[in-house]
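For what it's worth, our numbering labels the leading residue of the sequence shown as 841, then goes sequentially.
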Amino acid sequence: MPAEVKGRAAAVGSVDPVGSSDVRCASASEGCEGASERRKGVRGCAHNGTHLVAWPRSIHTRNNTSCLSPSRPEATQPTLSIFGPRHLYIPVFRTASSLFSTTHAHLRLLVGRPSLAQHATRASVKQQTYIISGSCPAYSFHLSASRAALPPAHSICGTSTMPYLDFPEDGISVFYKTNFRMQGEVSILDRSKPTVLLLPGTIFDVSIGLINQFNDPQLDKPYNLIAIDHRSAGKTISPPCEARDSWVDAAMFMKSLDRLQLPPVHVFAPCVLSIHAALRMALLWPDRILSLGLISIQREEEEDWVAEAWRDLVQMLTTAPDVETQEEAINEMLGHTFYEGLPLDQQDQWAQYVETQYPPARMARFLDFTLTVFQRTNLTPEQMAMIKQPVAIISGDSFVCPRADAENLQRQFVNAEGGAQLHIIPHGPEQIYFPRPFYPIVNSFYLTFLSGLPPPPPQPKEPSSMASALRGLARLMDNPRIAERDSSKVESFSCLAPEKMQERKTYFAHAVAVQKDAFDPVGPNGEMPRKFSERHLSDMFRRPSATLDSSWAAGVKVSEDHRDG
């Protein structure tokens, strides 16, 4: 399945024979008149005998491959019935184009209702029904054409490279990307190479945002690379989390590394959320984190006018009635984030990501991300002193990322092996790892840092685990009750204050209520919004770099005055 497919684009397999079990109608809660059916080995729904969503109890695979199995007569215009929100239309079309011998123009879209199925770890094929599955909820699309032109099964079979990790206990499916092969959820990597965990930057994903790291042969060839999307970012599927903080993010990343059975890693962490998660990973799992590369150190203290500017931008994005308003907000954000250095094609990539990832119709997802930035707290000096791994800080020198803040962070690593390195790139923007004028410098500094590291120390007989990390967190917070929580759930690592949890709950309740009828730039047939540069190429306006701020990225403390943002 193509890596760019959003949502939960799963591999296709054959299912068990039909027998007896409950089948619920996907629209039963909305007054659907379709009768429930009972089928053996299948959980799902039958809607008026037309749209079948089949969830198999098991899926047959051969040598860890996932293959298409039903007969495939020929047709030219399959019709798809989509169950789910608009943001899945594009992934569905891409998936269908890869499965069927057709193009987007040959697909006709019918809109359906969300499935009530809560979790599935694989997609299934049953009577020409194909499922894109997520943790909660799951969405499906149904092929109603009777003669589908599918490629031979062997042409889309092979070693499973499913780029998702399902954690039903957390209600999330985590998207990841690697430069090495996977067999199921077992990594097939060269153990002689060091492994680098690439984390995404602010308001970006790993698929596009880290392309310049994956495509750099100096990183790609000598290192095993893995990148993981944050919650509420990129292709990771996750509901808003009331308990989310950077401790929860750190636990999610480490849990993903555990699932993939990866060795200890070096961490490349750009921008505020990834930096905060990386620091906490180094604290709780010291033997699993070999070094820290911290990219772009944002300003810690913001002025009132900066907070006001951020509030206005968030308001524009979450209430935009049309694509023009979205573009206006993105035009401002581009200046804050990249300054003058972002080529037009990269502007279009980032603008499309923001437009489709965080439109008003997905307000709760956007707020889950932004509130985590707003509510973040720094580690104490005592906690910073406990970090002993080698550290490299690579940052710009600008209003958004001042040299003074990077130097202040460097001084806090009093026990980092060899002392924390600091590399300043003059006039570097906040997302310094992405623009073409800057990413080669970032990569070069980081590679020099990695190549100069001593061999990693021998691993302890009992490596740190989720359970040991939770006990360590209890000691750090001087709160023994934390150790009594369920270490299998990432929310157990939350240290968020109760009043902040309530604040998030209030925001999310409002967002879920209003986003149902809010604007979505993705068209009814999966049409993408126009390119950002098509409208702004001739009249794009930029303020001088010296006056730019990045309040939305640098993190503004939430106050009563700014809660409507």
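Ideal Cβ placement from N, Cα and C applies to all residues, glycine included.
Give the straight-line distance between the Cα atoms of residue i and residue j, rounded to the nearest whole angstrom.
{"i": "G1268", "j": "P1183", "result": "15 Å"}
{"i": "I1135", "j": "E1195", "result": "25 Å"}
{"i": "P1230", "j": "L1293", "result": "8 Å"}
{"i": "D1127", "j": "R1243", "result": "31 Å"}
{"i": "Y1016", "j": "V1107", "result": "15 Å"}
{"i": "V838", "j": "Y1273", "result": "Any property of residue 838 remains undetermined from this structure, which presents the chain solely from 841 to 1405."}
{"i": "E1009", "j": "S1328", "result": "8 Å"}
{"i": "Q968", "j": "V1014", "result": "In this predicted model, Q968 has a pLDDT of only 38, less than 50, meaning its place in the structure is not dependable; the value taken from the coordinates is given anyway. Their Cα atoms are separated by approximately 27 Å."}
{"i": "P1361", "j": "F1020", "result": "35 Å"}
{"i": "K1371", "j": "V1163", "result": "11 Å"}
{"i": "V1408", "j": "A1246", "result": "Since the displayed the chain opens at 841 and closes at 1405, residue 1408 lies outside it and no answer follows."}
{"i": "A843", "j": "L1249", "result": "Any reading at A843 needs caution, since the residue's pLDDT is 39, under 50, leaving its predicted position unreliable; the model's value is listed next. Rounded to whole angstroms, A843 to L1249 spans 36 Å at the Cα level."}
{"i": "P1003", "j": "R1071", "result": "15 Å"}
{"i": "F1348", "j": "G1133", "result": "33 Å"}
{"i": "G1041", "j": "M1306", "result": "25 Å"}
{"i": "Y1063", "j": "D1152", "result": "42 Å"}
{"i": "I1043", "j": "A1073", "result": "7 Å"}
{"i": "L1119", "j": "P1200", "result": "32 Å"}
{"i": "M1317", "j": "V1330", "result": "17 Å"}
{"i": "S1291", "j": "P1300", "result": "24 Å"}
{"i": "D1030", "j": "G1011", "result": "32 Å"}
{"i": "H982", "j": "E1222", "result": "Low per-residue confidence applies at H982: pLDDT is 41, beneath 50, and the placement is therefore not dependable, though the value from the model is reported in the following sentence. If you take the alpha carbons of H982 and E1222, they lie about 56 Å apart."}
{"i": "P1364", "j": "L1050", "result": "30 Å"}
{"i": "F1239", "j": "Q1271", "result": "13 Å"}
{"i": "A1149", "j": "F1214", "result": "14 Å"}
{"i": "L1287", "j": "T1346", "result": "44 Å"}
{"i": "K1447", "j": "P1103", "result": "Coverage of the chain is limited to positions 841 through 1405, which leaves residue 1447 absent and any answer about it impossible."}
{"i": "P1079", "j": "K1061", "result": "36 Å"}
{"i": "S1332", "j": "F1278", "result": "38 Å"}
{"i": "T1220", "j": "Q1192", "result": "38 Å"}
Hey, could you find the ends of the beta strand (DSSP E) residue i is sitting in?
{"i": "I1066", "result": "N1064 to I1068"}
{"i": "K1017", "result": "I1012 to T1018"}
{"i": "R1251", "result": "Unbroken run through R1251 is the alpha helix (DSSP H), R1243 to Q1252; no beta strand (DSSP E)."}
{"i": "H1263", "result": "Q1261 to P1266"}
By Cβ distance below 7 Å, which residues in the same chain neighbour residue i in space, the five residues on each side in sequence not counted?
{"i": "S1373", "result": "L1184, Q1187 and D1188"}
{"i": "M1203", "result": "T1158, A1351, V1354, Q1355 and A1358"}
{"i": "A1314", "result": "P1320, I1322 and A1323"}
{"i": "P1161", "result": "F1359"}
{"i": "E784", "result": "Look at the range of the chain in this structure, 841 to 1405, and you will see that residue 784 is not part of it."}
{"i": "C1335", "result": "D1085, W1087 and M1317"}
Using a Cβ-Cβ cut-off of 8 Å (strictly less than) and excluding sequence neighbours within five positions of residue i, which residues of its own chain qualify?
{"i": "S995", "result": "Legend: pLDDT at S995 = 28, less than 50; position of this residue unreliable, no value from coordinates given."}
{"i": "N1255", "result": "A1225, M1226, I1227 and K1228"}
{"i": "M1121", "result": "A1090, F1093, M1094, V1107, R1128 and I1129"}
Sort out for me which residues DSSP pairs residue i with in a bridge.
{"i": "L1134", "result": "A1109 and I1233"}
{"i": "L1037", "result": "I1066 and V1107"}
{"i": "S1004", "result": "Inspection of the sequence shows that residue 1004 is occupied by Tyr rather than by Ser. F1015."}
{"i": "I1129", "result": "V1105"}
{"i": "S1027", "result": "M1022"}
{"i": "I1077", "result": "S1013"}
Leaving out the 5 sequence neighbours to the left and right, which residues in its chain are closer than 6 Å to residue i when beta-carbon positions are compared?
{"i": "H1263", "result": "I1234 and F1285"}
{"i": "Q1053", "result": "L1038 and L1059"}
{"i": "F1206", "result": "Y1198"}
{"i": "R1311", "result": "A1323"}
{"i": "S1114", "result": "L1039"}
{"i": "L1005", "result": "V1014, S1096 and R1099"}
{"i": "E1082", "result": "M1341, R1344 and K1345"}
May I ask which residues mark the beginning and end of the alpha helix (DSSP H) holding residue i?
{"i": "R1021", "result": "Counting along the chain, R1021 falls outside any alpha helix (DSSP H), though it belongs to the beta strand (DSSP E) covering R1021 to Q1023."}
{"i": "V1330", "result": "Note, V1330: premise wrong, no alpha helix (DSSP H); not H, not E."}
{"i": "E1172", "result": "V1163 to F1178"}
{"i": "P1280", "result": "Y1279 to S1291"}
{"i": "R1370", "result": "From DSSP, R1370 is part of no alpha helix (DSSP H); its letter is neither H nor E."}
{"i": "I1227", "result": "Run containing I1227: none; DSSP gives neither H nor E here."}
{"i": "I1051", "result": "I1051 to F1054"}
{"i": "L1313", "result": "M1306 to M1317"}
{"i": "F1469", "result": "Past the boundaries of the shown model lies residue 1469; the chain is included only from 841 to 1405, so the question cannot be answered."}
**Request:** Spell out a yes or no on whether the stretch 1323 to 1343 and the stretch 1167 to 1178 are touching, meaning 3 or more CB-CB pairs, one atom from each, closer than 8 Å.
**Result:** no
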